[in-house]
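Using the working numbering, the first residue of the sequence shown is number 13, and each one after it goes up by one. Glycine included, every Cβ here is placed at the ideal spot set by N, Cα and C. All remarks here apply to the structure that follows.
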Amino acid sequence: MRQTPMRRAAPGTALASLTVVTSAHRLRLHWFAILAVAALTVATPAVAAVNPVDATVQAFARTHPAISALVTRLDASGPVAVAAVNADESFAPASTMKIITSASALLTMGPDFQFTTRVEGAAPVGGVVQGPAYLIGAGDPLLSTRAFSRGYLGGAGTPIERLASNIRASGTTSISGGIIVDESLFDSRRTGPQWRSNYVWECGPLSAIAINQGRAGNDEVRNAPFPAIAAGQRLVTALRRVGVTVHGTVRKGANTPGGDIIGEVKSKPLSAILEFMNPASNNFASETLTKDVGAYAAGHGTTAAGTAQAEKILREQGALAPGDDLVDGSGLSHANRLSASTLVTMLGLATTQPEWGDPLIRSLARGGEGTLIRRLRDPAVRNRIRAKTGYIDGVASLAGTVTSISGARYAFAFLINDPDIKAAQRTMDRAVTLLATGAADSSPEVPS
């Protein structure tokens, strides 16, 4: 730029010139400031935007610290934690434990597995089975009368009436030696370990051959004191209705090897059983499946064997946290411990291992269904989520998957051990709603 030689200012003009220069300088600084603010405004969202999902969880945790929470966005490049509080710490999970029970059952027995309840004895001669018939329990959690199935199992039950019809179809018209009921697939413990006494009505007495989930009638008013005997008696009643007479008593005992199968009935596939169990949060089914896992995987139909197998599966999948402790299958025991990271890891694996993962995710309730009947019902949210609730005294939990409006997929788990159940549920539902509406779709990873 060409420079103009300096000239001496005329008297009285110096102040005016200085004023002009100063004003121009201020104007220039003013525009620089505007541009700087504009640049900062443009840059801020990409660098320091507040993640509303993490903010929601963190705000709750400040006054309710007994929480393990983790939300992971399942990106193609790998999982990204977008919200986390005490993710690896283990707390009582309540019924979100059923996710682990479901996964262990699917990985042990397979989604197409069917429980086969059978009756064995001497082949009928002239319609008569000489001696006793043996009713052999297979651990079917939904063996029931048709009336109970309609009223309490959503029609998913395995009808004892069908077993009776199949016995009649074998040519049997009479059984001379009564019914011997074999429930030896399971141990004799009727409840889960370390349950509070008032939880006895949350689950009927356990047995490998319980009918109507251990209830005494076609309703849930009373428990059957001897579920195996009650099962045998219900079979006798069903047989009488199809024209088969049973002479002799109903009693417990072990099956005699070498008998013919004179009738059997198969349950729905395991995947269908879970589609009833999880939305309803059915405790009897989950406790029975836990013993089934022990029986079919290790030959021991006990809760301890089932939870040991579940822990083995978690360990093999890289999901077991140091503080995790599986005590039962339903989550009724306050002694259970799970971390949010354990649940999220298994849910994330379920999205990549469809053989067992698809049946697991499909078994979880949508918003407005099952135990979510009054929650997450917004039309923009309800069909985007699959989740399992949990609630026992002092514990609220929620775990599952959600797909946002833009297609981002998340796995999440919230385990809150706090007496303020309503506040916990509002916080969890708010976080899931934000996920469904895309609030975390571009959020960077947070420390977990």
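Leu-147 is positioned such that its CB atom lies no closer than 9 Å to that of Thr-170. If you draw a straight line from the Cα of Thr-249 to the Cα of Ser-279, it comes to about 20 Å. Between Ile-187 and Gly-265 the beta-carbon gap is near 15 Å, outside 8 Å, which marks them as no contact. Only residues of its own chain outside the window of five on either side were considered, and among them Val-193, Glu-195, Ser-219, Ile-221, Lys-264 have a CB closer than 6 Å to the CB of Ala-240, listed in chain order. Secondary structure note for Ala-448: its alpha helix (DSSP H) is the uninterrupted segment 433 to 448. Beta-bridge partners of Asp-272 (DSSP): Gly-133. Residue environment for Ile-325: buried (at least 16 other C-beta atoms within 10 angstroms of its C-beta). In this structure, Ile-385 and Ala-408 do not form a Cβ contact; the two beta carbons are roughly 16 Å apart against a cut-off of 8 Å. By the C-beta density criterion, Gln-437 is buried, having at least 16 other C-beta atoms within 10 angstroms. Counting C-beta pairs closer than 8 Å gives fewer than three between the segment 154 to 169 and the segment 204 to 213, which falls short of the contact rule. Closest option to Thr-120, judged by alpha-carbon separation, among Gly-260, Gly-369, Ala-176: Gly-369. Collapsing the DSSP output to three states places Ala-243 in a helix.
For Ser-188, there is no enclosing alpha helix (DSSP H), as DSSP marks it with neither H nor E. Rounded to whole angstroms, the gap between the alpha carbons of Thr-357 and Ile-433 is 25 Å. Taken in chain order, the complete beta strand (DSSP E) segments of 3 or more residues contained in the segment 73 to 111 are 79 to 87, 90 to 97.
Looking only at Phe-160, Pro-366, Leu-350, Ala-322, the smallest Cα-Cα distance to Gly-335 is reached by Leu-350. In chain order, Gly-379, Gly-380 place their CB closer than 7 Å to the CB of Arg-389, counting only its own chain and leaving out the 5 sequence neighbours on each side. Annotation for Lys-400: the continuous beta strand (DSSP E) segment containing it runs 397 to 404. According to the DSSP assignment, Ser-283 belongs to no beta strand (DSSP E) but to the alpha helix (DSSP H) extending over 282 to 292. Take Arg-442, set aside five residues on each side of it, and the residues of its chain with a beta-carbon closer than 7 Å to its own are Thr-68, in chain order. Within the model, the alpha-carbon separation for Pro-136 versus Gln-142 is close to 7 Å. In the DSSP assignment, Val-233 falls outside any alpha helix (DSSP H), carrying neither H nor E. Counting along the chain, the unbroken beta strand (DSSP E) around Ile-428 starts and ends at 421 to 428. By the Cβ rule, the segment 99 to 112 counts as touching the segment 274 to 293, because three or more pairs are nearer than 8 Å. Beta bridge pairing from DSSP links Arg-227 with Asn-235. For Leu-338, the three-state secondary structure derived from DSSP is coil.
Non-local beta-carbon contacts of Leu-175 in its own chain, meaning distances under 6 Å to residues more than five positions away in sequence, involve Gly-275, Val-277 in chain order. Val-339 places its beta carbon 9 Å or farther from that of Ala-117. Here DSSP, grouped into helix, strand and coil, assigns Arg-349 to strand. Ala-104 and Ala-347 have their C-alpha atoms some 7 Å from each other.
Measuring C-alpha to C-alpha distances from Tyr-308 to each of Val-258, Thr-354, Leu-197 identifies Leu-197 as the nearest.
If the five residues before and after Arg-246 are omitted, its C-beta is found closer than 6 Å to the C-beta atoms of Ile-172, Ile-223, all from its own chain and listed in chain order.
Annotated three-state conformation of Ala-317 is helix, per DSSP. In the DSSP assignment, Ala-159 falls within the unbroken alpha helix (DSSP H) covering 158 to 164. Here Val-65 is actually not in contact with Ala-399; their C-beta atoms are around 15 Å apart, not less than 8 Å.
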